[in-house]
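Enquirer:
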Amino acid sequence: MSTLTVEHFEDYYDKKNEKEYSKFNKRRQRKQRTQKRDSLELRTISPMTENQSAAFALFDKGDNLMLHGVAGTGKTFISLYLALDELMNGSDLLDKIIIVRSVVPTRDIGFLPGKESEKMAVYEQPYKAICSQITNRGDGYDILKTKGKIEFISTSFIRGNTYDDSIIIIDEFQNMTDSEINSIMTRVGANSRVIVCGDFRQTDLTKPHEQSGAKLLLQLWSRMGYGNSNVEFEMNDIVRSGFVRQWIEARDEMNLV
Numbered sequence: 634m635s636t637l638t639v640e641h642f643e644d645y646y647d648k649k650n651e652k653e654y655s656k657f658n659k660r661r662q663r664k665q666r667t668q669k670r671d672s673l674e675l676r677t678i679s680p681m682t683e684n685q686s687a688a689f690a691l692f693d694k695g696d697n698l699m700l701h702g703v704a705g706t707g708k709t710f711i712s713l714y715l716a717l718d719e720l721m722n723g724s725d726l727l728d729k730i731i732i733v734r735s736v737v738p739t740r741d742i743g744f745l746p747g748k749e750s751e752k753m754a755v756y757e758q759p760y761k762a763i764c765s766q767i768t769n770r771g772d773g774y775d776i777l778k779t780k781g782k783i784e785f786i787s788t789s790f791i792r793g794n795t796y797d798d799s800i801i802i803i804d805e806f807q808n809m810t811d812s813e814i815n816s817i818m819t820r821v822g823a824n825s826r827v828i829v830c831g832d833f834r835q836t837d838l839t840k841p842h843e844q845s846g847a848k849l850l851l852q853l854w855s856r857m858g859y860g861n862s863n864v865e866f867e868m869n870d871i872v873r874s875g876f877v878r879q880w881i882e883a884r885d886e887m888n889l890v
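Structure (structure tokens):
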């Protein structure tokens with residue numbers, strides 16, 4: 634019968650520790666790879682027009698924003714960039730970005746098939762594209778969503794929620810009724826900020842019983858006073874392309890909505 638010595642125990646524990654360290658090191662390496670894979674950095678975006686500069690400055694001051702005006706001026710892009718920059722590089726008190734949109738199609742195509750998440754995915758596409766541009770990653774939006782830093786919700790499911798510690802982007806407000814807009818505004822909780830964006834002239838509400846609440850929203854916003862700023866984007870703010878500017882100018886000359 635062999636005799637166990639101190640050396641046997643030391644050799645046993647050395648091998649055990651080496652094995653445990655190897656497991657730990659592999660876990661750490663996997664974690665580091667995951668962190669690197671899921672890490673996001675924002676591009677530095679600078680305003681391209683005076684009204685865009687005004688939006689940046691007012692948001693930096695701490696105001697809630699209404700960004701409205703003609704298409705192609707970067708309203709949604711600016712809103713999401715400012716919100717992401719504040720979330721990732723600004724206040725430690727903010728927890729997430731809430732994007733609210735009415736699911737009104739530009740043409741009646743009937744009910745979309747699939748689960749709720751699949752139906753909503755169609756309306757999330759613009760924000761996915763913007764996040765890809767801002768983060769230089771095609772999966773930027775999905776990473777933020779998985780981490781719980783971005784949430785997309787339609788006006789149909791807004792009631793009953795309270796959004797604290799959030800930046801709430803209300804996009805395409807011209808496609809919302811006054812009832813929908815009111816439902817959103819009364820969901821804004823403590824330490825939250827609001828960015829409202831849209832174009833009065835682009836409403837997709839065509840049914841007789843539906844009327845856009847956009848004009849009433851502007852009137853109410855102007856009555857709310859300090860801390861709620863309004864930036865109107867005009868023809869010379871169009872940055873999408875020269876073609877878009879020509880198209881909108883031509884429609885404007887013909888008094889077409």
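Everything in the sequence shown is counted per my numbering, starting at 634 for the first residue and increasing by one.
Each residue gets a CB set at the ideal place from its N, CA and C atoms; glycine is no exception.
#1: Could you check what DSSP says for Asp885 in three-state terms: helix, strand or coil?
#2: Under the DSSP definition of a beta bridge, which residues are partnered with Gly846?
#3: Sort Ile803, Asp837, Lys708, Pro680 by Cα distance to Ile730 and report the nearest one.
#4: Bridge partners of Glu784, per DSSP?
#5: At what residues does the beta strand (DSSP E) containing Asn794 begin and finish?
#6: Between the Cα of Leu717 and those of Ser735, Ile814, Tyr859, Ile801, spot the shortest distance and give me the residue it belongs to.
#7: Provide the residue span of the alpha helix (DSSP H) that contains Ile720, from first to last.
#8: In terms of alpha-carbon separation, which member of Ser855, Asn888, Met721 lies closest to Thr768?
#9: For Val755, does the three-state DSSP call read helix, strand or coil?
#10: Let me know the secondary structure DSSP gives Ile828 once reduced to three states.
#11: Which residues share a DSSP beta bridge with Ser672?
#12: Rounding to the nearest angstrom, what Cα-Cα distance links Gly822 and Gly793 in this structure?
#13: Look at Met809 and Ser735 and say whether their C-beta atoms are less than 8 Å apart.
#14: Less than 8 Å separating the beta-carbons of Glu813 and His701?
#15: With a cut-off of 8 Å on the beta carbons, I'd call Gln807 and Phe833 a contact; round off their distance for me.
#16: Looking at C-alpha atoms only, which residue of Asp772, Gly773, Cys764, Ser787 is the closest neighbour of Glu751?
#17: Considering only C-alpha positions, which residue in the set Ser799, Ser845, Pro759, Arg676 is nearest to Ser893?
#18: Quick check: the Cα distance between Phe904 and Ser845, rounded to an integer number of angstroms?
#19: Would you identify the three-state DSSP class for Ser862, choosing helix, strand or coil?
#20: Identify which residue in Ser679, Gln685, Ile678, Ser855 has its Cα closest to the Cα of Asn869.
Expert: In short:
#1: Taking the first residue of the sequence shown as 1, we reach residue 885 at position 252. Three-state result, Asp885: helix.
#2: Position 213 of the sequence shown holds residue 846. DSSP output for Gly846 lists no bridge partner at all.
#3: The residue you call residue 730 lines up with position 97 of the sequence shown. Checked all of Ile803, Asp837, Lys708, Pro680; the closest Cα to Ile730 is Ile803.
#4: Position 151 of the sequence shown, counted from the first residue, corresponds to residue 784. Ile731, per the DSSP bridge assignment.
#5: By 1-based counting over the sequence shown, the position of residue 794 is 161. Taken as a continuous stretch (DSSP letters only), Asn794 belongs to no beta strand (DSSP E), as it is neither H nor E.
#6: Along the sequence shown, read from residue 1 onward, the residue named residue 717 stands at position 84. Of the listed residues, the one whose Cα sits closest to Leu717 is Ile801.
#7: Translated into positions along the sequence shown, residue 720 becomes position 87. According to the sequence displayed, residue 720 carries Leu and not Ile. Residues 708-722.
#8: Position 135 of the sequence shown, counted from the start, is the residue given in the question as residue 768. Here the closest residue by C-alpha is Met721.
#9: Counting from 1 along the sequence shown, the entry for residue 755 is found at position 122. If DSSP states are grouped into helix, strand and coil, Val755 belongs with the helices.
#10: Position 195 of the sequence shown, counting from 1, holds the residue named residue 828. If DSSP states are grouped into helix, strand and coil, Ile828 belongs with the strands.
#11: As a first step, residue 672 is located in the sequence shown; it is residue number 39 there, counting from the start. DSSP lists no partner for Ser672.
#12: The sequence position of residue 822 within the sequence shown is 189, counting from 1. The sequence position of residue 793 within the sequence shown is 160, counting from 1. For Gly822 and Gly793, the distance between alpha carbons rounds to 12 Å.
#13: For the purposes of this step, residue 809 is taken as the residue at position 176 of the sequence shown. For the purposes of this step, residue 735 is taken as the residue at position 102 of the sequence shown. Yes.
#14: Translated into positions along the sequence shown, residue 813 becomes position 180. Translated into positions along the sequence shown, residue 701 becomes position 68. For Glu813 and His701, no; Cβs fall outside 8 Å.
#15: As a working note, residue 807 is residue 174 in the sequence shown. As a working note, residue 833 is residue 200 in the sequence shown. Yes, Gln807 and Phe833 are in contact; Cβ-Cβ is about 6 Å, under 8 Å.
#16: Locating residue 751 in the sequence shown gives position 118, where the first residue counts as 1. Taking only the C-alpha atoms, the option nearest Glu751 is Ser787.
#17: In this structure the chain extends from 634 to 890, so residue 893 is not present and cannot be described.
#18: For the chain, the structure presents residues 634 to 890; residue 904 sits outside this window and is missing.
#19: Counted from its first residue, the sequence shown places residue 862 at position 229. In this structure, Ser862 counts as strand in the three-state DSSP scheme.
#20: Position 236 of the sequence shown, counted from the start, is the residue given in the question as residue 869. Ranking Ser679, Gln685, Ile678, Ser855 by Cα distance to Asn869 puts Gln685 first.
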